[in-house]
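A.B. asks:
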Amino acid sequence: MRSSRILSLGRHLPSRVVTNDELGELLDTTDAWIRKRTGIRERRWVVPEDGGPADLAAPACREALDRAGLTPSDVDLVLFATLTPDRTFPGSGCLLLPLIGCEGTPALDIRNQCTGFLYALSVADQFVRTGAADHVLVVGSEVHSTGLDLSDAGRHVAVLFGDGAAAAVVGPGTPSRRIHGTVLHADGTHADVLTTTHPGSRHHPRLTAAHLEAGLHFPRMDGRRVFRMACEKVPDVVHELLQLEGACLDDVDLLVPHQANQRINAMVGERLGLSPDKVFHDIATLGNTTAASIPLALYDAEAQGLLTPGSRILLTAFGAGLTWGASLLTW
Ligand code: ACO
Numbered sequence: 009m010r011s012s013r014i015l016s017l018g019r020h021l022p023s024r025v026v027t028n029d030e031l032g033e034l035l036d037t038t039d040a041w042i043r044k045r046t047g048i049r050e051r052r053w054v055v056p057e058d059g060g061p062a063d064l065a066a067p068a069c070r071e072a073l074d075r076a077g078l079t080p081s082d083v084d085l086v087l088f089a090t091l092t093p094d095r096t097f098p099g100s101g102c103l104l105l106p107l108i109g110c111e112g113t114p115a116l117d118i119r120n121q122c123t124g125f126l127y128a129l130s131v132a133d134q135f136v137r138t139g140a141a142d143h144v145l146v147v148g149s150e151v152h153s154t155g156l157d158l159s160d161a162g163r164h165v166a167v168l169f170g171d172g173a174a175a176a177v178v179g180p181g182t183p184s185r186r187i188h189g190t191v192l193h194a195d196g197t198h199a200d201v202l203t204t205t206h207p208g209s210r211h212h213p214r215l216t217a218a219h220l221e222a223g224l225h226f227p228r229m230d231g232r233r234v235f236r237m238a239c240e241k242v243p244d245v246v247h248e249l250l251q252l253e254g255a256c257l258d259d260v261d262l263l264v265p266h267q268a269n270q271r272i273n274a275m276v277g278e279r280l281g282l283s284p285d286k287v288f289h290d291i292a293t294l295g296n297t298t299a300a301s302i303p304l305a306l307y308d309a310e311a312q313g314l315l316t317p318g319s320r321i322l323l324t325a326f327g328a329g330l331t332w333g334a335s336l337l338t339w
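If you're matching positions, the sequence shown starts at 9 in this note's numbering and goes up one per residue.
#1: Could you pull the start and end residues of the beta strand (DSSP E) that R163 belongs to?
#2: Is the beta carbon of T203 within less than 7 Å of some heavy atom of the ligand ACO?
#3: DSSP three-state label for G189, please.
#4: Which partner residues does R13 have in the DSSP bridge list?
#5: What's the gap between the Cα of S369 and the Cα of S11?
#6: Below 8 Å, how does it come out for the stretch 99 to 108 and the stretch 123 to 138: are there three or more Cβ pairs, yes or no?
#7: Is the beta carbon of C110 closer than 8 Å to that of V83?
#8: Answer yes or no: do G170 and G148 have a C-beta to C-beta separation smaller than 8 Å?
#9: Is any non-hydrogen atom of the ligand ACO found closer than 7 Å to the C-beta of I272, if you look at the structure I gave you?
#10: Return the chain-ordered list of same chain residues with a C-beta closer than 7 Å to the C-beta of D308, the five sequence neighbours on each side being excluded.
#11: Name the DSSP beta bridge partners of A325, please?
#12: Do three or more CB pairs link the stretch 150 to 157 to the stretch 65 to 78 at distances below 8 Å?
#13: Would you mind working out which of L64, A161, G179, E248 sits nearest T190, comparing C-alpha positions?
#14: Between the alpha carbons of T203 and T298, how many angstroms are there, rounded?
#15: Given that a residue counts as buried once 16 or more other Cβ atoms are within 10 Å of its Cβ, and exposed if not, what is A305?
#16: Report the residue ranges of all beta strand (DSSP E) runs contained in full by the stretch 87 to 133; include only those spanning at least 3 residues, in chain order.
#17: Is M237 a contact residue of the ligand ACO, with contact defined as CB to any heavy atom under 7 Å?
#18: Can you tell me where the alpha helix (DSSP H) with R51 in it begins and where it stops?
#19: Output yes or no for whether 8 Å exceeds the beta carbon distance between F1 and D142.
#20: So, are the CB atoms of R52 and P22 less than 8 Å apart?
#21: Around the C-beta of A217, are 16 or more other C-beta atoms found within 10 angstroms, so that it is buried, or is it exposed?
#22: For the candidate residues V201, V287, G18, A311, whose alpha-carbon lies nearest to that of R232?
#23: With DSSP as the reference, identify every bridge partner of G18, one or two as the case may be.
#24: Taking the alpha carbon of T197 as the reference point, which residue from G329, L34, H20, K44 has its own alpha carbon closest?
#25: Can V167 and T27 be called in contact, C-beta distance under 8 Å?
#26: Classify L64 as buried or exposed, calling it buried when 16 or more other Cβ atoms lie within 10 Å of its own Cβ.
#27: Rounding to the nearest angstrom, what Cα-Cα distance links D29 and I42 in this structure?
#28: H212: buried (16+ other C-beta within 10 angstroms of its C-beta) or exposed?
#29: Taking F88 as the reference, which of V54, G59, A76, Y127 has the closest Cα?
#30: Does the beta-carbon of N28, which I'm using as the reference point, lie nearer than 7 Å to any heavy atom of the ligand ACO?
#31: Span of the beta strand (DSSP E) holding S149?
#32: Beta carbon of V177, beta carbon of L91: below 8 Å?
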């Protein structure tokens, strides 16, 4: 069976930069608190003209296709990972297609939050390996800023999230440049530690003025539990993946984790015994962009010359669901 690899990356960020100091004018927080707890200095937030996740994704997809030397007609499948879809339905993948000239191409939305990109990458890998597709456009795109609770009750969540999009073209690999494998997990037992419950089809009706008044349309998070579970589950899934692939941590040149909190990633690196220079961070300028964070981090790592042909890259993610996973690639 053939293999697959990431052929190219593209990204698009809203131009509005929101610093911690600016957030301090909107809600009761400080630059010092945010930096110390999360490593974040600033993030991007959309303005109304930027549109939604599909609009942010379109330039990222165009860049990724250009860099792969491909045209929209070469795309066999679009996978769109997001937890902030443009609409309840149809999916953001469908909305993206006419923006990039891919009308008629199958599109699948992936709703696995911070692990969404790894789920999408794994699906793309299977399609390419089996020959069902030659080129899959894998997108992570989020607009969080329009749905954050800027009151005191929501400040521990509001300071974390940023908007942005990135895309990867996944196509045929070679024996020396390929996705080795991905291990994925999910468990709804702890769904309530990080969730937005309204509007939801289990509520009669889905959204009322009382729901809005109570702020039920905002994300709720037990940050400490998320922090603790991420620090346990991510090292476990890395060991599971390395064992399956017959690899070891000494083989890893760079860990590119989902950027949820710099302290989580530093602790995961420490627990795995990786030296700090092998753990990539770009959360300082982007915040947590959930499904977009891993492809955005790959884009930044490549721009910094950290991804060269033959480098062994470990990707990890943990987030709402709960969902978590890891992928091993040779770039
Ligand atoms: N500014 C200032 N003070 C704040 C803020 C803020 N933005 N937010 C909370 N505080 C206060 C609290 O009120 C509390 O005050 P108190 O001691 O007087 O009660 C104090 O700071 C400590 O609050 P904690 O919530 O316990 O702070 P903690 O050290 O746990 O840090 C944080 C909070 C940064 C959210 C951390 O728990 C974290 O990063 N958790 C992981 C979150 C995460 O990764 N989420 C995304 C997963 S991705 C996905 O799937 C969407």
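Cβ atoms here follow ideal geometry from the backbone N, Cα and C, with glycine treated the same way.
C.D. replies: Per the coordinate set shown:
#1: Looking up residue 163 in the sequence shown gives position 155. Residue range 163 to 166 is occupied by the alpha helix (DSSP H) that includes R163, with no beta strand (DSSP E) assigned at that position.
#2: In the sequence shown, the residue the question calls residue 203 occupies position 195. No - the ligand ACO has no heavy atom lying nearer than 7 Å to the Cβ of T203.
#3: For the purposes of this step, residue 189 is taken as residue 181 along the sequence shown, with counting starting at 1. In this structure, G189 counts as strand in the three-state DSSP scheme.
#4: Translated into the one-based positions of the sequence shown, residue 13 becomes position 5. Looking at the DSSP assignment, R13 forms a beta bridge with G179.
#5: In the structure as shown, the chain starts at 9 and stops at 339, and residue 369 therefore has no counterpart that could be examined.
#6: Per the Cβ contact rule, the stretch 99 to 108 is not in contact with the stretch 123 to 138 (fewer than 3 Cβ pairs under 8 Å).
#7: Sequence index remark: in the sequence shown, residue 83 carries index 75 (1-based). Sequence index remark: in the sequence shown, residue 110 carries index 102 (1-based). Contact: yes.
#8: Mapped onto the sequence shown, residue 170 falls at position 162. Mapped onto the sequence shown, residue 148 falls at position 140. In this structure, the beta-carbon distance from G170 to G148 does not fall below 8 Å.
#9: Taking the sequence shown and counting its residues from 1, the one referred to as residue 272 is at position 264. It does: the Cβ of I272 is within 7 Å (strictly closer) of some heavy atom of the ligand ACO.
#10: As a working mapping, residue 308 is identified with position 300 in the sequence shown. Sequence-distant Cβ neighbours of D308 in its own chain, meaning closer than 7 Å and more than five residues away, are D290.
#11: Residue numbering aside, residue 325 sits at position 317 when the sequence shown is read from its first letter. Beta-bridge pairing links A325 to G333.
#12: Cβ pair count under 8 Å is below three, so no.
#13: If you number the sequence shown from 1, residue 190 lands on position 182. Selected option, being the one with the closest Cα: E248.
#14: Locating residue 203 in the sequence shown gives position 195, counting from the first residue. Locating residue 298 in the sequence shown gives position 290, counting from the first residue. Linking T203 to T298 through their CA atoms gives a straight-line distance of about 13 Å.
#15: Along the sequence shown, read from residue 1 onward, the residue named residue 305 stands at position 297. By the 10 Å Cβ count, A305 comes out buried.
#16: Fully enclosed beta strand (DSSP E) runs of 3 or longer: 115 to 118.
#17: Counted from its first residue, the sequence shown places residue 237 at position 229. No, Cβ of M237 sits at least 7 Å from all heavy atoms of the ligand ACO.
#18: By 1-based counting over the sequence shown, the position of residue 51 is 43. No alpha helix (DSSP H) holds R51; the beta strand (DSSP E) holding it covers 50 to 52.
#19: For residue 1 there is no data in the structure shown, the boundaries of the chain being 9 and 339.
#20: Counting from 1 along the sequence shown, the entry for residue 52 is found at position 44. Counting from 1 along the sequence shown, the entry for residue 22 is found at position 14. Yes, these two residues count as a Cβ contact at 8 Å.
#21: Looking up residue 217 in the sequence shown gives position 209. Only exposed fits A217, as fewer than 16 other CB atoms lie within 10 angstroms of its CB.
#22: Taking the first residue of the sequence shown as position 1, residue 232 is located at position 224. Check the Cα spacing between R232 and each of V201, V287, G18, A311: the tightest is with V201.
#23: Position 10 of the sequence shown, counted from the start, is the residue given in the question as residue 18. Paired residues: A175.
#24: Your numbering for residue 197 matches position 189 in the sequence shown. Checking every option, the nearest Cα to that of T197 belongs to G329.
#25: Position 159 of the sequence shown, counted from the first residue, corresponds to residue 167. Position 19 of the sequence shown, counted from the first residue, corresponds to residue 27. Going by C-beta atoms, V167 is not nearer than 8 Å to T27.
#26: Start at 1 with the first residue of the sequence shown, and residue 64 comes out as number 56. It is buried - the Cβ of L64 has at least 16 other Cβ atoms within 10 Å.
#27: Against the sequence shown, residue 29 aligns to sequence position 21. Against the sequence shown, residue 42 aligns to sequence position 34. If I take the Cα positions, the gap works out to 10 Å.
#28: One-based indexing of the sequence shown puts residue 212 at position 204. By the neighbour-count rule (16 or more Cβ atoms within 10 Å), H212 is not buried but exposed.
#29: Along the sequence shown, read from residue 1 onward, the residue named residue 88 stands at position 80. Nearest option by C-alpha distance: Y127.
#30: The count along the sequence shown starts at 1 and reaches residue 28 at position 20. Flag unset: Cβ of N28 not near the ligand ACO.
#31: In the sequence shown, residue 149 corresponds to position 141, counting from 1. For S149, the uninterrupted beta strand (DSSP E) segment begins and ends at 144 to 150.
#32: The residue given as residue 177 occupies position 169 in the sequence shown. The residue given as residue 91 occupies position 83 in the sequence shown. Taking 8 Å as the Cβ cut-off, V177 and L91 do not qualify as a contacting pair.
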